[in-house]
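See below for the structure under consideration.
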Amino acid sequence: MPLTGKSTFRNTALAVWLLAVFGCLWVGCRKRELIEPTPGMEVSERLWMRVLLYEDLNRCTLSSNGGFNAIDAATWSKTDFGKKAGIVEVGFSADRIIVSGKQFGREVIIRPNKPFVVAVNGEHYRGNLRLTTKADGHLFDVTNEVPVEAYLAGVIGAEMPNYWEPEALKAQAIASRTYALFIKRKFGSGRRWDVRKTQANQVYSGVSAESATVWAAVNKTEGLVLTCKGDDGREEIFPAYFSSTCGGHTQNSRDVFGDSYDPLCGVECPYCRNVAKMSFYFWPMVDFDADGVSDRIIERYPKLSKLKAIEDIEPFKVADYGNFKRITSVRLFGKDGTSGYLRGEDLRLTIDPSGKKIRSAACGILKVNGKFRFYAGRGYGHGVGMCQCGAQAMARNGKSSEEILSYYYPGSRIMQD
Ligand SMILES: [Zn+2]
Numbered sequence: 006m007p008l009t010g011k012s013t014f015r016n017t018a019l020a021v022w023l024l025a026v027f028g029c030l031w032v033g034c035r036k037r038e039l040i041e042p043t044p045g046m047e048v049s050e051r052l053w054m055r056v057l058l059y060e061d062l063n064r065c066t067l068s069s070n071g072g073f074n075a076i077d078a079a080t081w082s083k084t085d086f087g088k089k090a091g092i093v094e095v096g097f098s099a100d101r102i103i104v105s106g107k108q109f110g111r112e113v114i115i116r117p118n119k120p121f122v123v124a125v126n127g128e129h130y131r132g133n134l135r136l137t138t139k140a141d142g143h144l145f146d147v148t149n150e151v152p153v154e155a156y157l158a159g160v161i162g163a164e165m166p167n168y169w170e171p172e173a174l175k176a177q178a179i180a181s182r183t184y185a186l187f188i189k190r191k192f193g194s195g196r197r198w199d200v201r202k203t204q205a206n207q208v209y210s211g212v213s214a215e216s217a218t219v220w221a222a223v224n225k226t227e228g229l230v231l232t233c234k235g236d237d238g239r240e241e242i243f244p245a246y247f248s249s250t251c252g253g254h255t256q257n258s259r260d261v262f263g264d265s266y267d268p269l270c271g272v273e274c275p276y277c278r279n280v281a282k283m284s285f286y287f288w289p290m291v292d293f294d295a296d297g298v299s300d301r302i303i304e305r306y307p308k309l310s311k312l313k314a315i316e317d318i319e320p321f322k323v324a325d326y327g328n329f330k331r332i333t334s335v336r337l338f339g340k341d342g343t344s345g346y347l348r349g350e351d352l353r354l355t356i357d358p359s360g361k362k363i364r365s366a367a368c369g370i371l372k373v374n375g376k377f378r379f380y381a382g383r384g385y386g387h388g389v390g391m392c393q394c395g396a397q398a399m400a401r402n403g404k405s406s407e408e409i410l411s412y413y414y415p416g417s418r419i420m421q422d
């Protein structure tokens, strides 16, 4: 029987319905690929990260599908907020944290039940939360305490597209694990948290960044870190920095962060050009009002106030790799013959804290018509350590995560932490 218009419509409707059903099933399957309950909850404190999520809050909301316990850190008294608690309000009164109307002390631990996931302000994180009042008792911070491997699952998908090559994701997992543990061990003992969730360290977006590919990269590299020879000749971890797109050559860490490790000396990178967005590899010229630039720099660096106003900026030291140059420091010219100096990275991030306009220090600087012009820019980020777009290009060319890491961190070794 020939198809009538009506039956064609019915067929189309059926097709749409089938698509919707299978689409939901597919999404459902993908969700089921997520690991539950949160792995690593039983590992020692040495392998947990404390991530500062929020600072200076006066209220927030909490929720957890499995329910949670709120524990007063001073008295260890425990209050059970079961599955039916829904969204729980947290606030303050007279130096005390108030959870759903109940008074606690100045520090509260939130322990979710299985699958050990809790949402703060609607963002889901694995592990526990710790709410801590400030010394003045009027505001509180929220820290997420999470096993290192689960933390990494929330980092890799935020730092790299989860559809990138498995070997690139594995290289990212090893670099991120190394970096996190280095920062934790170097700075963690002197403060209540180990890392921030932002680019100030490495971006961590909790469960929303996770995927099956990301968990595969974390699990296949479990416990692996990069090391290099320390001053005493023993292998030790180092801050395995990485950035989006180096633009042609990675940078010596000494010139950006002031620390010196052999694997962070800088290498040529012919790879990222094949993967990076064109506007990241060659970024467009950008102008900033000269008076605004001067004010921002002097406000950020009070020692430069002797310059009164910055009238000109010139590259002072440049890392010259032939056809690729990156400004490592600039000379600032003030009034009455005064001058001062700043690192190239500090200059660009003071003028453009997001780093989205002046995308790297590999550029020219010119003063023109009352504006500072940043031109002929290349690359996105500080350029130290692994070039993420370069890692993806190498993985596409069949290189393993080990080959990628030994290229960008020359002389390093991969070891079990
Ligand atoms: Zn590169």
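Heads up, the sequence shown is in our numbering, so the first residue is 6 and it goes up one at a time.
All residues carry an ideal CB built from backbone N, CA and C; glycine is no exception.
{"Check": "Straight-line Cα distance separating P268 from G403", "Outcome": "23 angstroms"}
{"Check": "Range covered by the alpha helix (DSSP H) that runs through R418", "Outcome": "It is not in any alpha helix (DSSP H) - R418 instead sits in the beta strand (DSSP E) that spans 418-421."}
{"Check": "According to DSSP, residues forming a beta bridge with Y380", "Outcome": "G369"}
{"Check": "W53 - containing beta strand (DSSP E), residue span", "Outcome": "53-62"}
{"Check": "I242 to M399 span [Cα, whole Å]", "Outcome": "24 angstroms"}
{"Check": "Residues bridged to V145 (per DSSP)", "Outcome": "The sequence given here has Phe at residue 145, not Val. BP columns for F145 point to L62, T138."}
{"Check": "Coarse secondary structure for F27, derived from DSSP in three states", "Outcome": "The predicted model places F27 with a pLDDT of 49, which falls under 50 and marks its position as unreliable; any figure quoted below should be read in that light. DSSP places F27 in helix when its eight states are reduced to three."}
{"Check": "Touch test, the segment 390-398 against the segment 163-178, Cβ-Cβ under 8 angstroms, three pairs minimum", "Outcome": "yes"}
{"Check": "Cut-off 7 angstroms between Cβ atoms - residues of its own chain near Q421, not counting five sequence neighbours on either side", "Outcome": "G228, L229"}
{"Check": "Delimiting residues of the beta strand (DSSP E) encompassing K83", "Outcome": "83-86"}
{"Check": "Three-state class that DSSP yields for E241 in the structure shown", "Outcome": "strand"}
{"Check": "Cβ-heavy atom distance, C274 to ligand 1, below 7 angstroms", "Outcome": "yes"}
{"Check": "G96 CB to nearest heavy atom of ligand 2 below 7 angstroms", "Outcome": "Among the ligands in the structure shown, ligand 2 does not appear; only ligand 1 can be found there."}
{"Check": "Per DSSP, cross-strand counterpart(s) of G288", "Outcome": "According to the sequence displayed, residue 288 carries Trp and not Gly. DSSP lists G382 as partners of W288."}
{"Check": "Option in A185, A75, L144, G252 with minimal Cα separation from F285", "Outcome": "G252"}
{"Check": "Closest by C-alpha distance to V272, when choosing among E350, K372, L410", "Outcome": "L410"}
{"Check": "Test item: CB-CB of F97 and H129 under 8 angstroms", "Outcome": "no"}
{"Check": "Heavy atom of ligand 1 within 7 angstroms of C277 beta-carbon", "Outcome": "yes"}
{"Check": "Neighbourhood of G159 by C-beta, 6 angstroms cutoff - its chain only, sequence neighbours within 5 removed", "Outcome": "Y209, S210, G211, A214"}
{"Check": "Buried versus exposed call for S417 [16 or more other C-beta atoms within 10 Å across all chains shown]", "Outcome": "buried"}
{"Check": "Host alpha helix (DSSP H) of E94 (start-end)", "Outcome": "Taken as a continuous stretch (DSSP letters only), E94 belongs to no alpha helix (DSSP H), being part of the beta strand (DSSP E) at 93-98."}
{"Check": "Nearest-angstrom Cβ-Cβ length linking Y413 and G390, presumed shorter than 8 angstroms", "Outcome": "6 angstroms"}
{"Check": "Continuous alpha helix (DSSP H) stretch holding A173: start and end", "Outcome": "171-192"}
{"Check": "Contact check, K376 vs D317, beta carbons under 8 angstroms", "Outcome": "no"}
{"Check": "Beta carbon of W198 nearer than 8 angstroms to that of L62", "Outcome": "no"}
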